[in-house]
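Engineer:
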Amino acid sequence: MLGHIKILYHEGKQFIPDVTKAQVPGVFKGRPVISTAKVNEQELVDLCPLNAISAGPVTLDMGKCSFCGECARQFPQKIEFTTDYKIATNSRESLIIREGENQPVGINPLLVRKEIHDLFRNSLKLRQVSAGGDNSCEWELNAANNVQFDMGRFGIDFVASPRHADGVVITGPITENMAEPLQICYDATPDPKIIVLVGTDAISGGMFAGSPAIDRSFLDKYHIDLYIPGNPAHPLTVINGLLDLTRKTK
Amino acid sequence: MKHATIVNNQTIPVSEIPEISYDEFFELNAGFITESVETHCVNYFGYPAGEMTKLICCIADDLHHVIYVSSCRVNPTGDLPSLSVNLFCFEKFEREIHENFGIGFTGHPWLKPLRYAHNRKDKTQTIANYPFYTIQGEELHEVGVGPIHAGVIEPGHFRFICNGEQILHLEIQLGYQHRGIESLLLSRSKLSEQVQIAESIAGDSVAGHTLAFSSVWESLCGFNATEDIHFSRTLALELERIAVHTGDLGAACADVAYQLGSAVFGRLRTPIINFLQEWCGNRLGKGLIRPGNNTFPFTPDLSKRLTEVLHVFEYQFIEMNDELFSMPSALSRFERTGSVSLENMVSIGTVGMAARSSGLKRDIRSSHPHSLYGTLQHEPIVKRHGDVYSRLQLRKQEVPQSITYIRELMTSVPEYHPEPVPMGPLAPGSFAISLVEGWRGEICHCAVTGNDGKLLIYKVKDPSFHNWMALAMAVRNNEISDFPICNKSFNLSYCGHDL
Ligand code: SF4
Chain A
1 MLGHIKILYH EGKQFIPDVT KAQVPGVFKG RPVISTAKVN EQELVDLCPL
51 NAISAGPVTL DMGKCSFCGE CARQFPQKIE FTTDYKIATN SRESLIIREG
101 ENQPVGINPL LVRKEIHDLF RNSLKLRQVS AGGDNSCEWE LNAANNVQFD
151 MGRFGIDFVA SPRHADGVVI TGPITENMAE PLQICYDATP DPKIIVLVGT
201 DAISGGMFAG SPAIDRSFLD KYHIDLYIPG NPAHPLTVIN GLLDLTRKTK
Chain B
1001 MKHATIVNNQ TIPVSEIPEI SYDEFFELNA GFITESVETH CVNYFGYPAG
1051 EMTKLICCIA DDLHHVIYVS SCRVNPTGDL PSLSVNLFCF EKFEREIHEN
1101 FGIGFTGHPW LKPLRYAHNR KDKTQTIANY PFYTIQGEEL HEVGVGPIHA
1151 GVIEPGHFRF ICNGEQILHL EIQLGYQHRG IESLLLSRSK LSEQVQIAES
1201 IAGDSVAGHT LAFSSVWESL CGFNATEDIH FSRTLALELE RIAVHTGDLG
1251 AACADVAYQL GSAVFGRLRT PIINFLQEWC GNRLGKGLIR PGNNTFPFTP
1301 DLSKRLTEVL HVFEYQFIEM NDELFSMPSA LSRFERTGSV SLENMVSIGT
1351 VGMAARSSGL KRDIRSSHPH SLYGTLQHEP IVKRHGDVYS RLQLRKQEVP
1401 QSITYIRELM TSVPEYHPEP VPMGPLAPGS FAISLVEGWR GEICHCAVTG
1451 NDGKLLIYKV KDPSFHNWMA LAMAVRNNEI SDFPICNKSF NLSYCGHDL
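Protein chains in written order, with the working numbering: chain A, 1 to 250; chain B, 1001 to 1499.
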């Protein structure tokens, strides 16, 4: 007992008081900013291993980007990654960053279904399905619930059964072998329900796009409520994304 | 000579690997394994060679610090005698070859599909109708768990046969995570893309797999990594070990409902992975290791920062462990739970920390040292009982050991080489192998290039490939309610196995 009290004393307060304003330490690759500097655009496009960059005007698709930082390293005058981790959005289009623009990425309240605010504002239970995820986004989703990020304080939790869930959180590019279990899980979740894609692999297939071992047809059938980019997505990106989706009103 | 003898990270012309008949191949490799516990199979795979299939087997000899590579050419439509009849360590490898090429192995105990790879030979086999082992009996019942599990973890199916609360048998069916890694590594042409695929083999072993990939690549290009490159890689690998071991101790606490331990270990992982982010911009170290390149210099500021982080971390880590391992209620759940004997571990070819927890000293850092491990003179920690307690104790002791190594490394940080030396093309007609001791155990990557200098086959083996069987052995005769803690004590990779 005394040992426990000593540990509690040494640990002190670990939680981040305000997850909407916390700073991330050191270098962090969050929302990129593209300047209007003139560079050899073709070289820039060719260098990206994931085809996330297009030319004329230069754009960078965070839904395809693995945040490897190669473009910023080779073209520092053109692309810079800021520490802005609030990059989750409900519109796929908003993940595309254009040159010369430096706007925050966020939720478009007009696109949020009414029942999301009505029903999930104070409590959101999610069922996570890893469908070919490499355990990095899964690891960060678990971290979002640890004592530091403590997502549970907002009433957002991961639950064991789809029957108890208000939505499905998908990680990974969706392998052929997981396509059916994912569908079964989704069907078992009661309406109304949301779909959240976490990580580049889930949003676009990432580096597995075009692999013969994946089957992304599930995503063609349903409306996606939230895209949370990253490789893996940072816990602060996850929490802010979910909060903004459920709490930001028109 | 019936085989080639090479060292870790060496490249040799394929023509120097003697091609022998399957009978000789069988005898040679069976001989290596039965000879001593110090020899174990690190990779055994096939690839198409015209109409035929070429098999390559790599046996590591831990005592002599070498790897024996042998090969043979077989007809894929025929049947071969199975090595697994007596040597269970070949069981998974033969299943994989069978799945990919259709080669039959007569006498194999259960020649079932391994991961339902997209390029499997028999497409009529689907993951939904896996042939589970069954036992008939009035008192017995089956419990199926997965593929989707209760927690935020990867998918896999566990089928238990139980007698009341007691587990008689567990069969683990994997393959749900198959993304086609090995074929993507062949079909993608940019190195920057290939390395990212390697980085995603298992997101909890980023340093391990990326290091193995980079080593194979550099070896094939004849590139000698500079001291600063080796430094960064060794450091990253040890940081990864500390982070995951710490998280695993937290997960074990959660499974025995010890809230304080779960909270403290869970959050203690954060300063370590946050340090990785301060260093390279990613909490899991993605982007840090690149072939032929040191992308993120280890500056004096970082060195100072890491010293501080480790100082605080170490004290809190030890304090929490002292408490955990003196609590009778926790110990009674750990001790004698999920035991695997040394004999069984040897027989199924277990590697890494699971093997060391049962008294089997397998650690690439000392047996086939790579990066800076030669200078660190690593001495593996070994436990005897092979139960959950041993596996947790091992983590508890490996973390301070890694901290000691990091401190030692930081006493002389090598000079940074900012300009990457351009790497040449891949050597044509060659074979390369790299062994890396990740936190879980031995990671093995092999590559073969064709005469045009392009990759013919790239073969990845995660330690989980061997160790899933150890988990199945561990739970026998245990209560089914102890399955989670057994599972957590191994913490095996689904995606690393499924590729
Ligand atoms: S950071 Fe993103 S956009 Fe830039 S090169 Fe890497 S994947 Fe491409």
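We put the beta carbon where it would ideally sit given N, CA and C, even for glycine.
When you compare each of Arg73(A), Val33(A), Cys137(A) to Glu1419(B) by their alpha carbons, which one comes out closest?
Structural biologist: Here residue 1419(B) is taken as the residue at index 419 of the second sequence, counted from 1. For the residues Arg73(A), Val33(A), Cys137(A), the minimum Cα distance to Glu1419(B) belongs to Arg73(A).
Engineer: So with Cβ pairs under 8 Å, would you call Tyr1116(B) a contact of chain A?
Structural biologist: In the second sequence, the residue the question calls residue 1116(B) occupies position 116. Yes, Tyr1116(B) lies at the interface with chain A (some Cβ there is under 8 Å from its Cβ).
Engineer: With a threshold of 8 Å between beta carbons, is Met1320(B) in contact with chain A?
Structural biologist: Stepping through the second sequence from its first residue, residue 1320(B) is reached at position 320. By this cut-off, Met1320(B) is an interface position.
Engineer: DSSP three-state call for Phe158(A): helix, strand or coil?
Structural biologist: Position 158 of the first sequence holds residue 158(A). Three-state DSSP puts Phe158(A) in a strand.
Engineer: So, using beta-carbon positions, are His1497(B) and Leu1174(B) closer together than 8 Å?
Structural biologist: Reading the second sequence from its first residue, position 497 is the one you call residue 1497(B). Reading the second sequence from its first residue, position 174 is the one you call residue 1174(B). Contact: yes.
Engineer: Which whole-angstrom value is the C-beta distance of Ile1017(B) and Ser1070(B), which I expect to be below 8 Å?
Structural biologist: As a position in the second sequence, residue 1017(B) is number 17, starting the count at 1. As a position in the second sequence, residue 1070(B) is number 70, starting the count at 1. Right, the Cβ-Cβ distance comes to about 7 Å (below 8 Å), so this counts as a contact.
Engineer: Compare the beta carbon distance of Ala1354(B) and Phe1490(B) with 8 Å and say whether it is the shorter of the two.
Structural biologist: If you number the second sequence from 1, residue 1354(B) lands on position 354. If you number the second sequence from 1, residue 1490(B) lands on position 490. A contact, by the Cβ cut-off of 8 Å.
Engineer: Whole alpha helix (DSSP H) runs in the segment 52-83 of chain A with 4 or more residues, listed along the chain?
Structural biologist: With a minimum length of 4 residues, the continuous alpha helix (DSSP H) runs that stay inside the segment 52-83 of chain A are 70-74.
Engineer: With respect to 7 Å, is the separation between the Cβ of Phe67(A) and the closest non-hydrogen atom of ligand 1 below this value?
Structural biologist: Residue 67(A) sits at position 67 when you count from the first residue of the first sequence. The answer is yes for Phe67(A).
Engineer: Could one say the Cβ of Ser1329(B) lies closer than 8 Å to chain C's Cβ atoms, at least one of them?
Structural biologist: Note that chain C does not occur in the displayed structure, where the protein chains are A and B.
Engineer: When you check each C-beta in the segment 116-134 of chain A against every C-beta of chain B, which residues fall closer than 7 Å?
Structural biologist: Answer set for the segment 116-134 of chain A: Gln128, Val129, Ser130, Gly132, Gly133, Asp134.
Engineer: Using only the heavy atoms of ligand 1, determine whether one of them is closer than 7 Å to the beta carbon of Ile97(A).
Structural biologist: Residue 97(A) sits at position 97 when you count from the first residue of the first sequence. Flag unset: Cβ of Ile97(A) not near ligand 1.
Engineer: Could you tell me if the beta carbon of Leu60(A) falls within a distance shorter than 7 Å of some heavy atom in ligand 1?
Structural biologist: As a first step, residue 60(A) is located in the first sequence; it is residue number 60 there, counting from the start. True, at least one ligand heavy atom lies under 7 Å from that Cβ.
Engineer: What residues from chain B crowd round His4(A), counting only those whose CB sits closer than 8 Å?
Structural biologist: Reading the first sequence from its first residue, position 4 is the one you call residue 4(A). Within chain B, the residues near His4(A) are Leu1260, Glu1323.
Engineer: Quick check: the segment 176-191 of chain A against the segment 144-159 of chain A, are at least 3 beta-carbon pairs closer than 8 Å?
Structural biologist: With a cut-off of 8 Å, the segment 176-191 of chain A and the segment 144-159 of chain A do not count as touching, because too few Cβ pairs lie within range.
Engineer: Between the segment 1357-1373 of chain B and the segment 1436-1451 of chain B, do three or more beta carbon pairs fall short of 8 Å?
Structural biologist: Verdict: yes, contact present.
Engineer: Closer than 7 Å between beta carbons: that is the criterion. Which residues of the segment 168-190 of chain A meet it against chain B?
Structural biologist: So the list reads Pro173, Thr175, Glu176, Asn177, Met178, Glu180, Pro181, Cys185, given in the order they occur along the chain.
Engineer: Could you tell me whether any non-hydrogen atom of ligand 1 is closer than 7 Å to the CB of Leu50(A)?
Structural biologist: By 1-based counting over the first sequence, the position of residue 50(A) is 50. Yes, ligand 1 has a heavy atom inside 7 Å of this Cβ.
Engineer: Tell me where the alpha helix (DSSP H) around Met1052(B) begins and ends.
Structural biologist: As a first step, residue 1052(B) is located in the second sequence; it is residue number 52 there, counting from the start. Element bounds for Met1052(B): not the alpha helix (DSSP H) but the beta strand (DSSP E), 1052-1061.
Engineer: Report the CB separation of Ile170(A) from Val129(A) in whole angstroms; it is logged as a contact under 8 Å.
Structural biologist: As a first step, residue 170(A) must be located in the first sequence, where it is residue number 170. As a first step, residue 129(A) must be located in the first sequence, where it is residue number 129. 5 Å between Cβ atoms; contact.
Engineer: Candidates Ile1056(B), Leu1394(B), Gly1146(B): which alpha carbon is nearest Phe1026(B)'s?
Structural biologist: For this step, residue 1026(B) is matched to residue 26 along the second sequence. Among Ile1056(B), Leu1394(B), Gly1146(B), the Cα nearest to that of Phe1026(B) is on Ile1056(B).
Engineer: State yes or no: is the beta carbon of Met207(A) nearer than 8 Å to at least one beta carbon in chain B?
Structural biologist: Your numbering for residue 207(A) matches position 207 in the first sequence. Yes, Met207(A) counts as interfacial toward chain B.
Engineer: Using only the alpha-carbon positions, how far apart do Asp1023(B) and Ser1082(B) sit?
Structural biologist: In the second sequence, residue 1023(B) corresponds to position 23, counting from 1. In the second sequence, residue 1082(B) corresponds to position 82, counting from 1. Their Cα atoms are separated by approximately 11 Å.
Engineer: Is it the case that the Cβ atoms of Pro229(A) and Thr189(A) are separated by a distance below 8 Å?
Structural biologist: To locate residue 229(A), count along the first sequence from 1; it is residue 229. To locate residue 189(A), count along the first sequence from 1; it is residue 189. For Pro229(A) and Thr189(A), no; Cβs fall outside 8 Å.
Engineer: Residues of chain B with a CB under 9 Å from the CB of Pro232(A): which are they?
Structural biologist: Counting from 1 along the first sequence, the entry for residue 232(A) is found at position 232. Ordered by position in chain B, the residues that pass the 9 Å Cβ test against Pro232(A) are Gly1203, Asn1282, Arg1283, Leu1284, Lys1286.
Engineer: With a Cβ-Cβ cutoff of 8 Å, do Cys1089(B) and Ile1020(B) count as a contact?
Structural biologist: Working through the second sequence from its first residue, we reach residue 1089(B) at position 89. Working through the second sequence from its first residue, we reach residue 1020(B) at position 20. Cβ distance not < 8 Å, so Cys1089(B) and Ile1020(B) don't count as in contact.
Engineer: Using a Cβ-Cβ cut-off of 7 Å (strictly less than) and excluding sequence neighbours within five positions of Thr1034(B), which residues of its own chain qualify?
Structural biologist: As a working mapping, residue 1034(B) is identified with position 34 in the second sequence. So no residue of the chain qualifies.
Engineer: Please list, in chain order, all residues of the same chain as Val1264(B) whose beta carbon is under 6 Å from its beta carbon, the five residues on each side excluded.
Structural biologist: Stepping through the second sequence from its first residue, residue 1264(B) is reached at position 264. Met1320, listed in sequence order.
Engineer: Please confirm whether Ser54(A) has its beta-carbon closer than 8 Å to some beta-carbon of chain B.
Structural biologist: By 1-based counting over the first sequence, the position of residue 54(A) is 54. Taking Cβ atoms only, chain B never reaches closer than 8 Å to Ser54(A), which makes this a no.
Engineer: Given 7 Å as the limit, tell me if Ile53(A) has its C-beta closer than that to any heavy atom belonging to ligand 1.
Structural biologist: The count along the first sequence starts at 1 and reaches residue 53(A) at position 53. Yes - ligand 1 has a heavy atom lying nearer than 7 Å to the Cβ of Ile53(A).
Engineer: Determine the direct distance from the alpha carbon of Gly1137(B) to that of Ile1006(B), and round the result to whole angstroms.
Structural biologist: Looking up residue 1006(B) in the second sequence gives position 6. Looking up residue 1137(B) in the second sequence gives position 137. Computed Cα separation, rounded: 52 Å.
Engineer: Beta-carbon within less than 8 Å of Val24(A)'s beta-carbon, same chain only, minus the 5 sequence neighbours each way: which residues are those?
Structural biologist: Stepping through the first sequence from its first residue, residue 24(A) is reached at position 24. These residues qualify, in order along the chain: Gly30, Thr83, Tyr85, His234, Leu236.
Engineer: Which residues in chain B have a C-beta closer than 7 Å to the C-beta of Ile214(A)? List them in chain order.
Structural biologist: Numbered from its first residue, the first sequence carries residue 214(A) at position 214. Here the neighbours are Arg1179.
Engineer: Taking three-plus beta-carbon pairs below 8 Å as touching, is the segment 1340-1352 of chain B in contact with the segment 1311-1328 of chain B?
Structural biologist: Not touching, per the Cβ criterion.
Engineer: For a cutoff of 8 Å on Cβ pairs, would you count Lys250(A) as touching chain B?
Structural biologist: The residue given as residue 250(A) occupies position 250 in the first sequence. Interpretation of Lys250(A) is limited by its pLDDT of 47, a score under 50 that renders its predicted location unreliable; no figure is taken from the coordinates.
Engineer: On the DSSP letters alone, give me the boundaries of the alpha helix (DSSP H) that Phe1465(B) sits inside.
Structural biologist: As a working mapping, residue 1465(B) is identified with position 465 in the second sequence. Residues 1464-1474.
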